[in-house]
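S.K.:
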């Protein structure tokens, strides 16, 4: 029997925690979240088709190189993203005009930032699972796109403290 892979989108904060895992103080809450995030990413890359939108790539790059401290070197993040996007099971989905219009409408309706929609909507045609800790993804708009999983068990948007 042929194995079917899940088409998975991993949200920004999980990627950022995974990338920064080696920088967190051993034994700290952040080290635990980083280690668990890195395992989530490893498992998805080994098992699933992993989806990327332009907004997701931009957010991963921006947060790791400009917002989170200490900042990761831009060249390192660029090389990491290139390596991940070059994998056979990685899929890049550009934003179509229709998806942009949909993101604008849904953001106006829900009050949720447009960039959350721009992360997920380009992938909607083949999207089984969203892995996130962002509470915005609990909204019916996102739950209607795919199963929303939070394996870390902590709901916190980018910029909110992690405990």
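Numbering (the working numbering), first residue to last: 13 to 175.
Idealized CB from N, CA, C, for every residue including glycine.
Predicted model, so just to flag it, every value in this text is computed and none were measured.
Can you look up residue 93 in the DSSP assignment and give me helix, strand or coil?
M.R.: Residue 93: helix per DSSP, three-state reduction.
S.K.: Tell me whether the beta-carbon of residue 163 lies closer than 8 Å to the beta-carbon of residue 52.
M.R.: Their beta carbons are under 8 Å apart, which means residue 163 touches residue 52 by this criterion.
S.K.: Which of helix, strand or coil does DSSP assign to residue 13?
M.R.: Low per-residue confidence applies at residue 13: pLDDT is 48, beneath 50, and the placement is therefore not dependable, though the value from the model is reported in the following sentence. Note: residue 13 maps to coil in three-state DSSP.
S.K.: Starting from the C-beta of residue 45, find all residues in its chain whose C-beta is less than 7 Å away, skip the five residues before and the five after it, and write them out in chain order.
M.R.: Excluding sequence neighbours, residue 45 sits near 29, 164, 174.
S.K.: I need the DSSP call for residue 75, collapsed to helix, strand or coil.
M.R.: Reduced to three states, the DSSP call for residue 75 is helix.
S.K.: Assuming residue 143 and residue 23 make a contact with CB atoms under 8 Å, what is their CB distance in whole Å?
M.R.: Rounded, the Cβ-Cβ distance is 6 Å, consistent with contact.
S.K.: Where do the ends of the alpha helix (DSSP H) carrying residue 57 lie?
M.R.: Its alpha helix (DSSP H) spans residues 41-59.
S.K.: Per DSSP, residue 11 forms a beta bridge with which residues?
M.R.: Beyond the ends of the chain as shown, which are 13 and 175, falls residue 11; an answer cannot be given.
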